[in-house]
Every structure is written in structure tokens, then in C-alpha cells.
Amino acid sequence: MENLGTPLLDRAPKAINWYAVVSSQESIVPYMMDNGLLKKEMTCTHCASDMNLCKRKDISDSLQWKCPACLLTSSIRRSSIFEKSKLPLRKLMELVYYFGIDLQIYEVEKLSDISHVSVIEWFDQSGYEHLIEIDESLFGKKRKYHRGTGKQDTWVFGMVEKGSRKVILQIVEKRDRKTLLPIIQENVAEGAHINSDCWAAYNTLEKEGFVHKTVNHSKEFKAQDGTCTNEIEGIWGLAKLKIKSMKGVRHERIGDILNEFCYRYRYGFSNGDVFHKFLKDIAIFNEKK
């Protein structure tokens with residue numbers, strides 16, 4: 001795991017030495033209790049006596065509540081948001097810390113050795129929304145809001161999940177509701193939050209079970225409530241720059257190039273990051289053969 005003093009974490013509250021907080025079990029529990037993350041007092045559910053905090057070397061938390069009257073024991077996580085988690089308290093404090101300084105999911109995964117599933121579960125529990133930005137863009141001559149024709153014009157529909165860098169770019173013949181809605185339904189979980197512009201094809205997303213917010217790009221880049229599509233708009237620029245740099249790309253190759261772009265965007269544009277991820281994927285593919 002990278003040191004908690006890494007420059008990426010300069011957003012941390014300066015008055016708190018976070019590395020000292022998570023460096024030992026002895027420092028974590030008092031801190032969590034002092035800040036209301038764990039209960040300082042506990043009542044026995046069996047006899048209603050006040051429980052005592054006792055040391056236990058054979059459990060991960062090293063401490064537990066014990067009733068002096070009936071000897072009933074209870075986890076120090078009882079009645080807390082951490083009650084059902086199997087992660088060590090040190091890892092949980094890392095997640096609290098990262099969430100508090102507004103790191104994205106992919107940043108948390110890079111900084112910690114916490115599994116992707118555990119990170120997602122925590123961010124879900126902490127109120128992190130599955131926010132998807134969607135848009136369409138023309139790869140060719142014609143502009144989105146103007147008419148025109150051209151044999152090399154290619155419409156691409158894009159979706160990106162905020163925080164995870166998961167992106168899908170798919171060539172489409174049309175950009176009407178009949179074409180785009182099935183793609184959304186196939187790739188986006190019902191109930192997810194979707195941001196888009198005011199394109200008519202998206203008008204029924206609320207009826208289809210999504211939380212849908214729009215921004216009117218003819219008036220503003222960001223709506224007053226904060227709704228925007230900045231990430232997918234930025235992706236269009238990067239994807240087009242990729243294709244432009246290749247010079248003379250045949251129309252039928254655009255789909256493959258976009259697939260490669262999505263892979264690189266998801267796992268980082270650093271050649272080292274992509275290289276190591278690609279090696280792992282090859283190994284996984286070989287195991288399945």
C-alpha cells in the first residue's frame with residue numbers, strides 16, 4: 001500500500017495525522033470512539049447491565065464488550081455502520097478517510113490493497129451514487145446540431161460511470177430512442193443516476209426506472225443543480241485525438257480503435273499500467289481455454 005502521506009492525499013485535514021491514526025489497533029479504536037464511529041458504552045442485550053471493554057488477542061478487533069453479570073460478549077462494532085463489515089478496522093478507517101477527502105473509486109483502489117468489491121460496497125453504503133453520464137458524438141464532418149451528409153460520418157454513443165472510469169463507446173446507425181434505449185438498459189442497472197443533455201431520445205429514461213437529470217447545453221455547461229456531462233464530453237476529445245493521431249484510419253476500424261481506447265481509459269493511459277493489466281488479462285484468458 002502506498003504511504004498515506006502521498007501527494008494525492010493533500011486534501012486531508014492538516015490538523016490530523018492520519019497515518020498515526022491507522023498505524024496501530026491501539027490508536028484506531030480510541031479515535032473511532034472519540035469521533036462517534038464506535039460506541040463508547042454498551043448495554044447488555046440479555047440483562048441490561050453495563051458492559052466492559054475487554055482485550056481479546058484471538059479476534060481481529062483485539063477488543064470486545066463483555067457483560068460482568070451474565071458474561072455475554074459483543075463486538076465493539078455493534079450498533080455502528082461497520083457492524084456487518086468483515087474488513088479490519090484499519091481498512092475501514094482508510095475507506096472513511098478516502099471517502100472523506102473525496103477520492104474517486106479508482107483512486108482508492110490504486111492507493112489501497114482493498115478489493116474492488118469491498119470498495120464499491122463501502123461507497124454504496126456511504127451514499128456514493130452510481131452516476132452515469134451519457135452522450136452521442138459524431139466522428140466525422142457533421143456537427144451534432146446541424147444537418148449534413150457524409151459517407152465517413154460515424155455516430156458514436158458513449159456512457160461513462162463516474163468514479164470507476166468504466167466507459168463504453170458504441171457505434172450506432174441512428175441516435176433515436178429505439179436505438180439508444182436498449183444499449184442503456186443492457187449496460188446500466190435500473191435505478192442508476194443518469195446525466196445527459198436534452199436530446200429527445202432520453203426523454204423516457206425516468207419511466208424506464210432510472211434517475212434522470214439533464215443539462216441544456218444550448219444555455220449552460222452545468223445546470224444550477226450541478227448536473228453536467230463533463231467527463232463524457234472530455235472522453236470525446238480524447239478519443240477523437242487518438243483517432244486523429246493515427247492518420248488515415250479506415251471507417252471500418254473505428255470500432256476496434258474505440259474499444260482499445262475504452263480499455264486504456266479504464267486502466268490508465270500509463271504504458272506501465274496498461275501493460276501489467278494486459279498481462280493479467282492474457283493470463284485469465286489462458287486459464288479459461
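Read in order, the letters of the sequence shown are residues 1 to 289 in UniProt numbering. Idealized CB from N, CA, C, for every residue including glycine. All of these numbers come straight from a predicted model, not from anything done at the bench.
Worksheet item: For residue 196, which of 162, 172, 171, 67 has the nearest alpha-carbon?
Response: For the set 162, 172, 171, 67, the Cα lying nearest the Cα of residue 196 is the one of 162.
Item to complete: Tell me, please, which residues DSSP counts as bridged to residue 193.
Response: Residue 193 pairs with 131, 211.
Discussion item. Taking the straight line between their C-alpha atoms, what separation do you get for residue 65 and residue 58?
Written reply: Distance between residue 65 and residue 58, taken at the CA atoms: about 14 angstroms.
Discussion item. Please state the DSSP three-state secondary structure of residue 52.
Written reply: The three-state secondary structure of residue 52, taken from DSSP, is strand.
Practice prompt. Decide if the stretch 222-235 is in contact with the stretch 245-258; the criterion is three or more beta carbon pairs, one per stretch, under 8 angstroms apart.
Written response: These segments do not touch.
Fill in: Beta-carbon proximity check, residue 112 vs residue 94, cutoff 7 angstroms
In this structure, residue 112 places its C-beta atom within 7 angstroms of the C-beta atom of residue 94.
Practice prompt. Please go through the stretch 197-247 and give each complete beta strand (DSSP E) segment of 3 or more residues, from N-terminal end onward.
Written response: For the stretch 197-247, whole beta strand (DSSP E) runs of length 3 or above, ordered along the chain, are 211-214.
Fill in: Range of the contiguous beta strand (DSSP E) that encloses residue 167
Residues 166-172.
Worksheet item: Which one or two residues does DSSP pair with residue 63 in a beta bridge?
Response: Residue pairing by DSSP puts residue 63 in a beta bridge opposite 55.
Worksheet item: How is residue 158 classed by DSSP in three states: helix, strand or coil?
Response: It is a strand residue.
Practice prompt. Locate the alpha helix (DSSP H) running through residue 27, then write down its first and last residues.
Written response: DSSP places residue 27 inside the alpha helix (DSSP H), whose first and last residues are 25-34.
Worksheet entry | Reference residue 137, options 90, 167, 172, 118, closest by Cα | Answer by Cα proximity: 172.
Discussion item. In whole angstroms, give me the CA-to-CA distance for residue 194 and residue 209.
Written reply: Approximately 11 angstroms between the Cα atoms of the pair.
Worksheet item: Sorted by chain position, which residues of the same chain lie with C-beta nearer than 7 angstroms to residue 151's C-beta, five sequence neighbours on each side aside?
Response: With a pLDDT of 48 at residue 151, under the threshold of 50, the modelled position of this residue cannot be trusted, and the question is left open.
Item to complete: Look up residue 85 in the DSSP assignment and say whether it is helix, strand or coil.
Response: DSSP places residue 85 in coil when its eight states are reduced to three.
Practice prompt. Inspect the beta-carbon positions of residue 119 and residue 133 and report whether they are closer than 7 angstroms.
Written response: Pairing residue 119 with residue 133 gives a Cβ-Cβ distance that is not under 7 angstroms.
Item to complete: Given a cut-off of 7 angstroms, decide if residue 192 and residue 177 are closer than it, judged by their beta-carbon atoms.
Response: Contact: no.
Item to complete: Answer yes or no: do residue 80 and residue 38 have a C-beta to C-beta separation smaller than 7 angstroms?
Response: It is a contact, given that the beta carbons lie within the stated cut-off.
Discussion item. Between 82, 90, 50, 86, which has its C-alpha nearest residue 72's C-alpha?
Written reply: For the residues 82, 90, 50, 86, the minimum Cα distance to residue 72 belongs to 50.
Practice prompt. Could you tell me which of 169, 188, 207 sits nearest to residue 266, measuring between CA atoms?
Written response: Closest by alpha carbon: 169.
Discussion item. Could you compute how far the alpha carbon of residue 215 sits from the alpha carbon of residue 257?
Written reply: Approximately 29 angstroms between the Cα atoms of the pair.
Item to complete: Identify, in the order they occur along the chain, each residue of the same chain with its Cβ nearer than 7 angstroms to the Cβ of residue 228, setting aside the five sequence neighbours on each side.
Response: Excluding positions up to five away in sequence, the list reads 195, 215, 221, 222.
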